[in-house]
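Engineer:
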Amino acid sequence: MRHLLNPLDFTVEETDDLLTLAMDIEHNLPKYAHVCDGKKLATLLYEPSTRTRLSFESAMLNLGGSVLGFSSADSSSAAKGESVSDTIRIISCYADIAALRHPKEGAALVAAQKSSIPVINAGDGGHQHPTQTLTDLLTIRSLKGRLDNLTIGLCGDLKFGRTVHSLINAMVRYPNIRFVLISPDELKIPSYIRENVLCANNITFTEVGNLDAAMPLLDILYMTRVQRERFFNEEDYIRLKDSYILNRKKMKLAKDDMFVLHPLPRVNEISVEVDNDPRAAYFKQAQYGVYVRMALIMTLLGVEKPC
Ligand code: NCD
């Protein structure tokens, strides 16, 4: 039995196979309508979610399976003091696969150790978000036709943004990837990622504060929200929340074939005037999230690709 807790749980080859399956799903959706008939997905959300929960549910319904779960800690037995370990043992009796989001780093790992069904980490605190990364990889591969030879700008909250941490982990495995890390000083990438992931893999990267100067260099700009819920005080959040606002003027500085990604939800960091720019890919990215989660559910359940 396999889980997905960290993007590195899949090798590059396994990841490529999964993305290829997701692309086939995109083009032949009806073919997959019954491959998970009779299977159940549980979504266990201890933290708010719109896209992740609904895209998982949509994915399982598209495969012919069904879904159950809870969408806040308050509406589960966590409110009575039940541990994640106990909850997953129970859910293992009710479902065939579970997606779990939790505010604590490592919660999905703890669950996986006690689970008798595959566990998917749907976000653990400021740590990892591997299914968003699979979504991001599919989006980049579909739009750019490759996952190598790219300069990727990551902008905003690089400290608390788990999507950023997971994406860096996954992308350093492809040849000739360069990063421009754009953030205020207080929201720089954590040192464990700088040292253990970027430096350890000899990746070329710069850490800068200015988005305008970075724009012309980029093949992908990955914007992120300042993660209010992970701040220790509201004043710091208010001071930092509008550090970067991508607008039409800034887009003029970028290459014609640069794409803007964002895991969403957006707050102020991308002005709505950018939405009509053909390089704005964040809504398309959310659509890819359904195909990639369909491919992931099939892979973890060991379901064969239909002819
Ligand atoms: C992200 C998350 O939960 O980390 N959202 C998502 O799953 N698409 C990004 C965010 O909340 O800022």
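Its first residue numbered 551, the sequence shown is counted upward by one per residue in the working numbering. Where is the CB? At the ideal position from N, CA and C, for every residue including glycine. Only a predicted model underlies this, so the values are computations on that prediction, with no experimental measurement involved.
Just to confirm, does S512 get its C-beta within under 8 Å of one of the non-hydrogen atoms of ligand 1?
Structural biologist: Residue 512 cannot be examined here, being either before or after the span of the chain that is shown, 551 to 857.
Engineer: For S622, count neighbouring C-beta atoms within 10 Å of its own C-beta (all shown protein chains included) and say buried if the count is 16 or more, exposed if not.
Structural biologist: Result: exposed.
Engineer: Looking at the unbroken alpha helix (DSSP H) that takes in H715, where does it start and where does it end?
Structural biologist: H715 -> alpha helix (DSSP H) spans 712-721.
Engineer: Run through DSSP, which three-state label would G839 get?
Structural biologist: If DSSP states are grouped into helix, strand and coil, G839 belongs with the helices.
Engineer: Quick one: what does DSSP say N760 is sitting in, helix, strand or coil?
Structural biologist: It is coil, neither helix nor strand.
Engineer: Going by beta carbon distance, what residues of the same chain come within less than 7 Å of D567, once the five residues before and after it are set aside?
Structural biologist: Counting only Cβ-Cβ distances below 7 Å, and skipping sequence neighbours, we find nothing.
Engineer: Considering only residues of the stretch 607-640, which uninterrupted beta strand (DSSP E) runs meet the minimum length of 3 residues and lie entirely inside it, listed in chain order?
Structural biologist: As far as the stretch 607-640 is concerned, its whole beta strand (DSSP E) runs of at least 3 residues are 616-620.
Engineer: Could you check whether the stretch 810-820 touches the stretch 678-698, counting it as contact only if at least three pairs of C-beta atoms, one from each stretch, sit closer than 8 Å?
Structural biologist: Yes, since at least three Cβ pairs between the stretch 810-820 and the stretch 678-698 fall closer than 8 Å, the two stretches touch.
Engineer: Report yes if the C-beta of L790 is less than 8 Å from at least one heavy atom of ligand 1; otherwise report no.
Structural biologist: No - ligand 1 has no heavy atom lying nearer than 8 Å to the Cβ of L790.
Engineer: Grouping DSSP H, G and I as helix and E and B as strand, with all else coil, what is F755?
Structural biologist: DSSP places F755 in strand when its eight states are reduced to three.
Engineer: In chain order, what residues of the same chain have a beta carbon less than 7 Å from the beta carbon of L693, not counting five sequence neighbours either side?
Structural biologist: Contacts found: F809, A831.
Engineer: Kindly indicate which three-state DSSP category R651 falls into: helix, strand or coil?
Structural biologist: Here R651 sits in strand by DSSP.
Engineer: Please name the residue in N726, G839, L731, C586 whose C-alpha comes closest to that of Y772.
Structural biologist: Nearest option by C-alpha distance: L731.
Engineer: Along the chain, where does the beta strand (DSSP E) containing V562 start, and where does it finish?
Structural biologist: Per DSSP, V562 belongs to no beta strand (DSSP E); it is in the alpha helix (DSSP H), 562-577.
Engineer: Could you check the C-alpha separation between S741 and P580 for me, to the nearest Å?
Structural biologist: Roughly 46 Å separates the two Cα atoms.
Engineer: Could you tell me if H577 is buried or exposed, where buried requires 16 or more neighbouring beta carbons within 10 angstroms of its beta carbon?
Structural biologist: Under this definition H577 is an exposed residue.
Engineer: Identify whether Y596 lies in helix, strand or coil by the three-state DSSP scheme.
Structural biologist: Residue state, collapsed to three classes: coil.
Engineer: Whose CA, out of V776, G852, T681, P856, lies closest to the CA of I820?
Structural biologist: Cα-wise, what sits closest to I820 is V776.
Engineer: Does the Cβ of A657 have 16 or more other Cβ atoms within 10 Å, making it buried, or fewer, making it exposed?
Structural biologist: Label assigned to A657: buried.
Engineer: Just to confirm before moving on: does the CB-CB distance between R843 and P668 stay below 9 Å?
Structural biologist: Result no, Cβ atoms of R843 and P668 do not sit closer than 9 Å.
Engineer: Residues bridged to A830 by DSSP?
Structural biologist: DSSP lists V810 as partners of A830.
Engineer: Got a sec, what are the start and stop residues for the beta strand (DSSP E) D674 sits in?
Structural biologist: Here the beta strand (DSSP E) through D674 covers 669-674.
Engineer: Quick one, which of T701, A649, D762, V853 has its alpha-carbon nearest K799's?
Structural biologist: Of T701, A649, D762, V853, the residue nearest in Cα terms is D762.
Engineer: Is DSSP giving S708 helix, strand or coil here?
Structural biologist: In the sequence on display, residue 708 carries Leu and not Ser. In this structure, L708 counts as coil in the three-state DSSP scheme.
Engineer: With DSSP run on the structure shown, which of helix, strand or coil describes T602?
Structural biologist: Note: T602 maps to helix in three-state DSSP.
Engineer: What is the DSSP secondary structure of K590, reduced to helix, strand or coil?
Structural biologist: Here K590 sits in strand by DSSP.
Engineer: Grab me the residues of G839's own chain with a C-beta within less than 7 Å of its C-beta, minus the 5 sequence neighbours each way, in chain order.
Structural biologist: If we look at G839 and ignore the five residues flanking it on each side, its Cβ neighbours are R601, S605, T685.
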